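Peer 1: Chains A and B, in that order, are what the protein sequence lines are.
Okay, so the first sequence: first residue is 1 according to the working numbering, each after it adds one.
Okay, so the second sequence: first residue is 1001 according to the working numbering, each after it adds one.
We put the beta carbon where it would ideally sit given N, CA and C, even for glycine.
Remember, it's a predicted structure, so these values are computed and weren't measured experimentally.
One structure coming up, written as structure tokens, with questions to follow.
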Amino acid sequence: MPLDMLSLLLISLPVGLLGSLTGLGGASILVPVMVLFGVPVKAAIASGMVSIIATSSGSASAYVKEEIANVKVAMYLEMFTSVGAIAGATITTLIAPVFLYFFFALFLMTSFLRFKRSKGEDGGSTRSIAAADAPPAPASAPSGLIRRLDLRGSYYDAARRERVRYAATHPVLGGLGMGLAGLAAGMLGIGAGAFKVTVQENVLKLPSKVASATSNLIIGMTALAGTSVYLKSGLLDLTLAAPMAIGTTLGAIAGGRVLNRLPDRVLRALFIAVVVMLIAQMLYKGVTSL
Amino acid sequence: MSGKDGRVTREPTGGLARLEAMISYILITGVVASLVLEAAGLFLFYREHATLAISYDRRLILHAHDFFEFLAGLFTSHAAGGDGAYQLMALGMAILILTPYARAVLSVVYFASRRDFTYLAVTLFVLIVLTASMLR
Chain A
1 MPLDMLSLLL ISLPVGLLGS LTGLGGASIL VPVMVLFGVP VKAAIASGMV
51 SIIATSSGSA SAYVKEEIAN VKVAMYLEMF TSVGAIAGAT ITTLIAPVFL
101 YFFFALFLMT SFLRFKRSKG EDGGSTRSIA AADAPPAPAS APSGLIRRLD
151 LRGSYYDAAR RERVRYAATH PVLGGLGMGL AGLAAGMLGI GAGAFKVTVQ
201 ENVLKLPSKV ASATSNLIIG MTALAGTSVY LKSGLLDLTL AAPMAIGTTL
251 GAIAGGRVLN RLPDRVLRAL FIAVVVMLIA QMLYKGVTSL
Chain B
1001 MSGKDGRVTR EPTGGLARLE AMISYILITG VVASLVLEAA GLFLFYREHA
1051 TLAISYDRRL ILHAHDFFEF LAGLFTSHAA GGDGAYQLMA LGMAILILTP
1101 YARAVLSVVY FASRRDFTYL AVTLFVLIVL TASMLR
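Here's what the structure looks like:
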């Protein structure tokens, strides 16, 4: 089926919105959709990589200004994600496309990790915030590295109407987890936002809002590292990247506006439906091109 | 967080507020500028070619041995056979790529000026990795 730039832009709008609502990000959805329309998988991945610089930086701008994103945590973690992304993108330029379908499907499955956790979200996140509220973090006093890197902070939670304090834990393990996220992001041309948030929430024990805001900031830098590899490999097609960047970013802005109005139940159902469809599509594509 | 409540309860963030304001500004400016250029490029493409087909034309694929060479090429008139749509879209992409890069450069300068050597090392590491990936 032929796809032109206008239809790609128009498809990117609802995809950006959906990506923002489900927390998957636009590229995770649009790369499989482009593959469905016959775009070569490597070209789809390369344009996904560059377009998420726009989507993530656009939302990160607001989060940084509102002091929800933690710039120091972001910079520390970017050391790991940028190296991971360069390695991942390099792997993609070298391997046969058929592997990418399976890696993509496999990586999408990891996004259920976050869903699993969010079942107990209310209890879980309140507890972790409460723990961070107690002046010295109980059980594990901030390690030397946490203090040295100053991986702490506070933000004003509009829903709770109070300032929430937090401190990160397990910085080394968290860094390695983020390296893995960067590897997958660079390889698949996506932000790997769900995976990054999972690591920040479960390993670094950051509050959910800080984790997703900081993740947006990190995604832009990680995508840059991946993009420069694709630029050199001649995989960056302007006619794909330009409409995709415009569409997903505008869609994500719209998504951010309706996010708070939708009940969690709806968001969760939407998430499962989208992820299952994408996994099925990439597996199908992989199996048929074997 | 806006309004009086936010201000009153705002904690001293170790002077990071200025850096945060600058980062926020860089990000939004870069994204808006690049998307406007992409949109203008698409419009011009339609005017020049009377089609919006995705052609996988090699001339419309960004390709350079390194990013800085690509950047320099944008400002020399013979780039891409003087195709205005290509130049607008390519410039938009260059600005998009430079947006997080500018944040990395700014962070290095900021932490150097504050003599925060831990974060100078952290941000310098990221900047070197990015620059190396853009060069090679």
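1. With a cut-off of 9 Å, does the C-beta of G189/A fall near any C-beta of chain B?
2. List the residues of chain B that R148/A touches, going by C-beta distances under 8 Å, in chain order.
3. Would you kindly work out how many angstroms separate the C-alpha atoms of T198/A and L113/A, rounded to a whole number?
4. Quick check on S208/A - is its C-beta less than 9 Å from some C-beta in chain B?
5. Strictly under 9 Å for the Cβ-Cβ distance: is T249/A near chain B by that measure?
6. Are there 16 or more other CB atoms within 10 angstroms of the CB of T1076/B, so buried, or fewer, so exposed?
7. At a Cβ threshold of 9 Å, is I11/A touching chain B?
8. Identify which residue in P40/A, P97/A, A280/A has its Cα closest to the Cα of L236/A.
9. On the three-state DSSP scale, how would you describe I95/A?
10. Beta-carbon separation of P97/A and S233/A under 9 Å?
11. Note down, in chain order, each residue of its chain lying with its Cβ closer than 7 Å to the Cβ of T239/A, except the 5 sequence neighbours on either side.
12. One question on the structure: do A60/A and L217/A come within less than 9 Å of each other, judged by their Cβ atoms?
13. Residues of chain B with CB under 8 Å from M295/A, in chain order?
14. E1038/B touches chain A at which residues, Cβ-Cβ below 9 Å?
15. I need the boundaries of the beta strand (DSSP E) containing D1057/B, first residue and last residue.
16. Which residues, taken in chain order from the stretch 209-234 of chain A, show a beta carbon closer than 7 Å to some beta carbon of chain B?
17. Which same chain residues, not among the five before or five after V33/A, have their C-beta less than 7 Å away from its C-beta?
18. Grab me the residues of L1071/B's own chain with a C-beta within less than 6 Å of its C-beta, minus the 5 sequence neighbours each way, in chain order.
19. Going by DSSP in three states, L204/A sits in which element: helix, strand or coil?
20. What in chain A is Cβ-close to I1097/B, meaning under 8 Å?
21. Going by the beta-carbon positions, is the gap between A269/A and N70/A smaller than 9 Å?
22. With a threshold of 7 Å on Cβ separation, who are the neighbours of A241/A within its own chain once the five nearest residues in sequence on each side are excluded?
23. Could you check whether the stretch 185-194 of chain A touches the stretch 18-34 of chain A, counting it as contact only if at least three pairs of C-beta atoms, one from each stretch, sit closer than 8 Å?
24. Name, in chain order, the residues that DSSP records as bridge partners for R152/A.
25. Since L1062/B sits in a beta bridge, which residues does DSSP pair it with?
26. Straight-line CA distance for L267/A to R261/A?
27. Which same chain residues end up closer than 8 Å to V203/A when comparing Cβ atoms and leaving out the 5 residues on each side of it in sequence?
28. Where L108/A and Y166/A are concerned, what is the direct C-alpha to C-alpha distance, given to the nearest angstrom?
29. So, do the stretch 74-81 of chain A and the stretch 1054-1072 of chain B have three or more beta carbon pairs nearer to each other than 8 Å?
30. Kindly list, in the order they appear in chain A, the residues whose Cβ is closer than 8 Å to that of E1020/B.
31. Give the secondary structure of D1116/B by DSSP, where H, G and I count as helix, E and B as strand, and everything else as coil.
32. CB-CB under 6 Å to Y1046/B, same chain, minus the five flanking residues each way: which ones, in chain order?
33. Let me make sure I understand the geometry here. Which of V1031/B, F1117/B, L1037/B has the alpha-carbon closest to that of S57/A?
34. If we call anything under 9 Å between Cβ atoms a contact, is M345/A one with L1044/B?
35. Identify, in the order they occur along the chain, each residue of the same chain with its Cβ nearer than 6 Å to the Cβ of A225/A, setting aside the five sequence neighbours on each side.
36. Indicate the three-state DSSP secondary structure (helix, strand or coil) for E162/A in the structure shown.
Peer 2: To lay it out plainly:
1. To locate residue 189/A, count along the first sequence from 1; it is residue 189. At a cut-off of 9 Å between beta-carbon atoms, G189/A makes no contact with chain B.
2. The residue you call residue 148/A lines up with position 148 of the first sequence. Chain B residues near R148/A: T1118.
3. One-based indexing of the first sequence puts residue 198/A at position 198. One-based indexing of the first sequence puts residue 113/A at position 113. If you take the alpha carbons of T198/A and L113/A, they lie about 7 Å apart.
4. As a working note, residue 208/A is residue 208 in the first sequence. S208/A does not count as touching chain B.
5. If you number the first sequence from 1, residue 249/A lands on position 249. Taking Cβ atoms only, chain B reaches closer than 9 Å to T249/A, which makes this a yes.
6. Mapped onto the second sequence, residue 1076/B falls at position 76. Per the 10 Å Cβ criterion, exposed.
7. Indexing the first sequence from 1 puts residue 11/A at position 11. No, no contact with chain B.
8. As a first step, residue 236/A is located in the first sequence; it is residue number 236 there, counting from the start. Nearest of P40/A, P97/A, A280/A to L236/A, Cα basis: P40/A.
9. Within the first sequence, residue 95/A is the residue found at index 95, counting from 1. Coil, per DSSP.
10. Sequence index remark: in the first sequence, residue 97/A carries index 97 (1-based). Sequence index remark: in the first sequence, residue 233/A carries index 233 (1-based). In this structure, S233/A does not lie closer than 9 Å to P97/A by Cβ.
11. For the purposes of this step, residue 239/A is taken as the residue at position 239 of the first sequence. M5, listed in sequence order.
12. Residue 60/A sits at position 60 when you count from the first residue of the first sequence. Residue 217/A sits at position 217 when you count from the first residue of the first sequence. Yes. Within cutoff.
13. Residue 295/A lies beyond the stretch modelled for chain A, which goes from 1 to 290, so this question has no answer here.
14. Start at 1 with the first residue of the second sequence, and residue 1038/B comes out as number 38. Those within 9 Å of E1038/B in chain A are A54, L238, A241, A242, P243, A245, I246.
15. Along the second sequence, one-based indexing puts residue 1057/B at 57. Where D1057/B is concerned, there is no enclosing beta strand (DSSP E), given that its DSSP letter is neither H nor E.
16. G220, M221, L224, A225, T227, S228, V229, L231, K232, G234
17. In the first sequence, counting from the first residue as 1, residue 33/A sits at position 33. The residues are I11, V15.
18. Position 71 of the second sequence holds residue 1071/B. For L1071/B, where only same-chain residues beyond five positions count, the Cβ hits under 6 Å are A1094.
19. Residue 204/A sits at position 204 when you count from the first residue of the first sequence. Looking at L204/A - three-state DSSP - the assignment turns out to be coil, as it is neither helix nor strand.
20. For the purposes of this step, residue 1097/B is taken as the residue at position 97 of the second sequence. Within 8 Å Cβ-Cβ: V50, I53, L224, T227, S228, L231.
21. Working through the first sequence from its first residue, we reach residue 269/A at position 269. Working through the first sequence from its first residue, we reach residue 70/A at position 70. Cβ distance not < 9 Å, so A269/A and N70/A don't count as in contact.
22. In the first sequence, the residue the question calls residue 241/A occupies position 241. Only S47, V50, S51 meet the Cβ criterion.
23. yes
24. Taking the first sequence and counting its residues from 1, one reaches residue 152/A at position 152. Bridge partners of R152/A: A167/A.
25. Your numbering for residue 1062/B matches position 62 in the second sequence. DSSP lists L236/A as partners of L1062/B.
26. Within the first sequence, numbered from 1, the residue matching residue 267/A stands at position 267. Within the first sequence, numbered from 1, the residue matching residue 261/A stands at position 261. So the two alpha carbons sit approximately 10 Å from each other.
27. Working through the first sequence from its first residue, we reach residue 203/A at position 203. So the qualifying residues of the chain are T169, H170, L173, G174, G177.
28. Your numbering for residue 108/A matches position 108 in the first sequence. Your numbering for residue 166/A matches position 166 in the first sequence. Taking the straight line joining both Cα atoms gives about 29 Å.
29. With the cut-off at 8 Å, the stretch 74-81 of chain A and the stretch 1054-1072 of chain B do not touch.
30. Translated into the one-based positions of the second sequence, residue 1020/B becomes position 20. Within chain A, the residues near E1020/B are V64, K65, E67, V71.
31. Locating residue 1116/B in the second sequence gives position 116, where the first residue counts as 1. In the structure shown, D1116/B sits in coil (DSSP, three-state: anything other than H, G, I, E or B).
32. The residue you call residue 1046/B lines up with position 46 of the second sequence. Excluding residues within five positions, the ones whose Cβ falls inside 6 Å are L1052.
33. Translated into positions along the first sequence, residue 57/A becomes position 57. Looking at the Cα atoms, V1031/B is the closest of the given residues.
34. The shown model of chain A, from 1 to 290, leaves out residue 345/A, and the question about it has no answer.
35. The residue labelled residue 225/A in the question sits at position 225 within the first sequence. Sequence-distant partners of A225/A (beyond 5 residues in either direction) whose C-beta falls short of 6 Å from its own C-beta, in its chain, are S82, A85, I86.
36. Along the first sequence, one-based indexing puts residue 162/A at 162. If DSSP states are grouped into helix, strand and coil, E162/A belongs with the strands.
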